Amino acid sequence: MTESPSRRALLGWGGAGLALGAVAAGSAVAVSDSGGDDHEPSTAVEFHGTHQAGIATPVQDRLHFAAFDVTTTERAEFVRLLKDWTEAARRMAAGRPVGEGAFGGLAEAPPDDTGEALGLKPSRLTLTIGFGPSLFAKFGLAGQRPEALIDLPQFPGEALDLARSNGDLCVQACADDPQVAVHAIRNLARIGFGKVVVRWSQLGFGKTSSTTPDAQTPRNLMGFKDGTRNIAGTETDRLEKFVWASEQDGPAWMAGGSYLVARRIRMHIETWDRTSLQEQEDVFGRDKGEGAPVGKANEHDEPFLKAMKPDAHVRLAHPDSNGGSTILRRGYSFTDGTDGLGRLDAGLFFLAYQRDVRDGFVRIQRHLATDALNEYIQHVGSAVFAVPPGVRDADDWWGRALFEGK
Amino acid sequence: MRPARLTVATAAATLVALTAVTGCTEKSGAGDGDRVIKVTATDDACETSRKTVGAGHVELAVENKGSKVTEVYLLFPDDRIVSERENIGAGTRQRLTAEVKAGEYVIACKPGMKGKGIRQALSVTGATTAKRDPALDKAVAEYRRYAQEQADATLPKVKVFTDAIQAGNLAAAQSAYAPSRIGWERTEPVAESFGDIDPLVDTRADGLEPGQKWTGWHRLEKALWQDKRIGAEEKTLAAQLVKDLTDWQKRVGTAEITPTSMANGAKELLDEVATGKVTGEEDRYSHTDLVDFKANVEGAQEAYTLLRSIAQKNDPALVTELDRQFAALNALLDKYRADKVSYDFVSYDKVTEAQRKELSDAVNALAEPLSKLAAAVVK
């Protein structure tokens, strides 16, 4: 286990902190390459790379996801923001405070960093930016909008709340410590005041799918294992085939990027909890204990889809029922307390990454129209984003290829 | 205003921060022994090495020789705080600094951090404070004049409001309510620095301390809009409002104003909007929140305008941003009134959630850069 320096130590060591941060980041990469889920939670995840961190990266425990609307009409100002955000994200991912830090600066000015992450470990924080379809109508970007970034069609049964949907931009913050994730979004929102506004945001906990299949599969709030067949961060072939956009897919600025669908899926918790075990298992097509597919003994046994009920969730969602369509899921459970009727306001904040939204989420979701699970869930928020490739080095910034070409 | 507890605490904290800050930015002349006052605190005494000191920067070198944690205050004679240091442990030393003008002051030690403290008088001699940028002094003088003008202009409008109440004219009182508040709302940080007046005139029901009688504008607002009646109690309260605001008018010229307090005051006015007005909590019965909102923005803009040329030298980018955001917020507010001079704003209960968010976003867009104005002024 690598002992990584705390934020406070990094702050105190000044210039030396830079080098130490880099070492810590390097060691985290080695850990994530091992594919295990047994991560040292204190480590930093490398911010720079071909792809953005936070997609194939082993899923952290906590989420703060925020969608923003752009209010500035000046391209230069928006580009400035993307650069400022990148710099702040780079520092926070390394476990360092934003700007001049949270204390010790001018007494008359509010500190650059809000300070609640001081003394906390980097906690594998990843920050991942995405550009929504509505962004491309601005700043003369219409010609750069990827074909794969469609406006999602309407799906039967959904009841979308516009106040929890869409957005020109999104930032996904994942970390093992909720305070670290919240700190990151809070600081980015603050840097963005006057240029972007928060449209909606969502906190998540209890990851509901794993990108590290050797580890135990997590359970969703319905008590079922979720993500048994998810794409692993180590499966380079499947990532290339199903997740990363290529040069040929077009446009060029998206090469190495991916497309994100975010859905707030409310669960009718109380009615689900009154449902018989038999029906619960029939709805999913797996047993509740092991997670084994119908008729099989173990979770990872190959499912025999025809043994499941025709409307079983696993049967309908399985790649074999969708012409091979596969997505990388990275969802989190959420609960925002109770609603006005005393019902748990809870469910799944579904995050799916794919090479093309049309072949990925849309195809599968259409097929789920007859899903037995629909009786117990409702999609209430929705958004789709083009997630650009990674920030390559210290001179690069989020979206540079979009705004400046290669 | 925010709940009184918060407001008073904030006002006190602001003064403390300001004076402390001013102290830091002036050259303290280290080694200049006659600028230092030694304060020896024990559990039952508070000894000071000097009883007089020249105006300007002073430093209190405190040693706690007692057995209890103590705190030391430099106070104006009316107990307003110039500077303070809390939590001075037994056997420890602390320093506090301040910039003082000529006049009478009090140094108070509070063993156990309780009570009014053990007090020593301090006379500050001389005609001037430490060296200051004349442009800053001019800005302060002009802002002081503005605060006085606002108070002077408010009283006649308050009289229109209270005369309508005395006459039992509900409709006339309702229409005079919001205009009577404009001058107060424009200069709220100055007004709130008088910790005794603010709770009397501008407290909301949820801001009352235990045992505090509810008086002032919002109590009358409730009578006029919710209860829809004017009784003897309301007439008494109306008379008291005039009395309390006359007190404010007389004292507003004595308020401690510094360049940093002006800059921070401008930000606080936006904070008032962000916490109280944009939610509709401030004028929950009359829904005239947008009038207060506009007045808060105007007051902030006045302070900013007076400091703008100084900030321009130190941080031109900030000035560009503030000009832009003030214009954007004012343009947005103009959508809610018939013309650009009228104070007849749309009733806030007619403002939709989406519109409130747009207003809130515009306030954040202005308040965030405004929070950097104080630093730009004292750089």
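If you read the protein sequences in the order shown, they are chains L and X. Taking the UniProt record's numbering, the leading residue of the first sequence gets 1, the next gets one more, and so forth. Taking the UniProt record's numbering, the leading residue of the second sequence gets 1, the next gets one more, and so forth. Quick reminder that beta carbons are idealized off the backbone N, C-alpha and C, glycines included. As the structure is a prediction and not an experimental result, all values here were calculated from the model.
{"Check": "Could you check if Asn220 of chain L is buried or exposed, using at least 16 other CB atoms within 10 Å of its CB as the buried criterion?", "Outcome": "buried"}
{"Check": "How many Å lie between Leu329 of chain X and Glu74 of chain L at the Cα?", "Outcome": "17 Å"}
{"Check": "Thr246 of chain X by DSSP, collapsed to three states: which one?", "Outcome": "helix"}
{"Check": "What number of angstroms, rounded off, separates the C-alpha of Phe161 of chain X from the C-alpha of Ala172 of chain X?", "Outcome": "8 Å"}
{"Check": "When DSSP builds the beta bridges, which residues end up paired with Pro293 of chain L?", "Outcome": "L:Arg286"}
{"Check": "Please check the pair Ile129 of chain L and Pro388 of chain L, which I expect to be a contact at CB under 8 Å, by giving their CB distance rounded to whole angstroms.", "Outcome": "7 Å"}
{"Check": "According to DSSP, is Leu60 of chain X part of a helix, a strand, or is it coil?", "Outcome": "strand"}
{"Check": "Just verifying my parser: in three-state terms, what is the DSSP assignment at Lys138 of chain L?", "Outcome": "coil"}
{"Check": "For Leu106 of chain L and chain X, any beta-carbon pair shorter than 9 Å?", "Outcome": "yes"}
{"Check": "Distance check for Gly299 of chain X and Ala176 of chain X, CA to CA, integer angstroms please.", "Outcome": "20 Å"}
{"Check": "With a threshold of 9 Å between beta-carbons, can Val16 of chain X be considered close to chain L, or not?", "Outcome": "The predicted position of Val16 of chain X is uncertain, since its pLDDT is 37 and thus under 50; a value taken from the coordinates is nonetheless stated next. Closer than 9 Å: no."}
{"Check": "For Asp69 of chain L, which residues does DSSP report across the bridge?", "Outcome": "L:Val197"}
{"Check": "Taking Glu302 of chain L as part of the alpha helix (DSSP H), name the residues at either end of that continuous run.", "Outcome": "Glu302 of chain L -> no alpha helix (DSSP H), and no H or E assigned at all."}
{"Check": "Secondary structure at Ala55 of chain X, three-state DSSP: helix, strand or coil?", "Outcome": "coil"}
{"Check": "From this set, X:Tyr348, X:Arg35, X:Glu281 and X:Gln174, which residue's C-alpha is nearest Leu96 of chain X's C-alpha?", "Outcome": "X:Arg35"}
{"Check": "For Ile191 of chain L, does the three-state DSSP call read helix, strand or coil?", "Outcome": "helix"}
{"Check": "With C-beta atoms as the reference, is Arg266 of chain L less than 9 Å away from Gln144 of chain L?", "Outcome": "no"}
{"Check": "Report buried or exposed for Glu321 of chain X, applying the criterion of at least 16 other Cβ atoms within 10 angstroms of its Cβ.", "Outcome": "buried"}
{"Check": "Could one say the Cβ of Ser371 of chain X lies closer than 9 Å to chain L's Cβ atoms, at least one of them?", "Outcome": "yes"}
{"Check": "Short of 7 Å Cβ to Cβ, which residues in the region 188-214 of chain L face chain X?", "Outcome": "Arg190, Phe193, Gly194 and Val197"}
{"Check": "Hey, would you say Ala44 of chain L sits closer than 9 Å to Pro122 of chain L, going by beta carbons?", "Outcome": "yes"}
{"Check": "Excluding the 5 residues preceding and the 5 following Ala255 of chain L in the sequence, name in chain order all residues of the same chain whose CB lies nearer than 7 Å to its CB.", "Outcome": "Ala245, Ser246, Glu247 and Pro389"}
{"Check": "So Val378 of chain X contacts chain B; which residues on that side make the cut at Cβ distance below 7 Å?", "Outcome": "Considering every chain present, this structure includes no chain B. Its protein chains are L and X."}
{"Check": "Could you confirm whether any beta carbon from chain X is found closer than 9 Å to the beta carbon of Ala163 of chain L?", "Outcome": "yes"}
{"Check": "Using only the alpha-carbon positions, how far apart do Val62 of chain X and Val100 of chain X sit?", "Outcome": "18 Å"}
{"Check": "Do the region 74-93 of chain L and the region 187-207 of chain L meet, that is, are 3 or more Cβ pairs less than 8 Å apart?", "Outcome": "yes"}
{"Check": "Residues in its own chain within less than 6 Å of Ile231 of chain L by CB, not counting five upstream and five downstream?", "Outcome": "Arg238 and Leu328"}
{"Check": "Note down the Cα distance separating Pro213 of chain L from Cys170 of chain L, rounded to an integer number of angstroms.", "Outcome": "27 Å"}
{"Check": "Comparing C-alpha positions only, which one of X:Ala375, X:Leu245 and X:Gln120 sits nearest to Thr52 of chain X?", "Outcome": "X:Gln120"}
{"Check": "Do the CB positions of Gly132 of chain L and Gly167 of chain L come within less than 9 Å of each other?", "Outcome": "yes"}
{"Check": "What is the residue span of the alpha helix (DSSP H) that Leu370 of chain X lies within?", "Outcome": "Glu353 to Leu370"}
{"Check": "Taking the C-alpha atoms as reference points, what is the distance between Val124 of chain X and Ile81 of chain X?", "Outcome": "16 Å"}
{"Check": "Considering only residues of the same chain and omitting the five flanking positions on each side of Glu270 of chain L, which have a CB-CB separation below 8 Å?", "Outcome": "Arg343 and Leu344"}
{"Check": "Locate the beta strand (DSSP E) running through Tyr73 of chain X, then write down its first and last residues.", "Outcome": "Thr70 to Leu75"}
{"Check": "At the 9 Å Cβ level, is Thr43 of chain L part of the contact set with chain X, yes or no?", "Outcome": "no"}
{"Check": "Leu260 of chain L lies in the beta strand (DSSP E); which residues open and close that run?", "Outcome": "Ser258 to Met267"}
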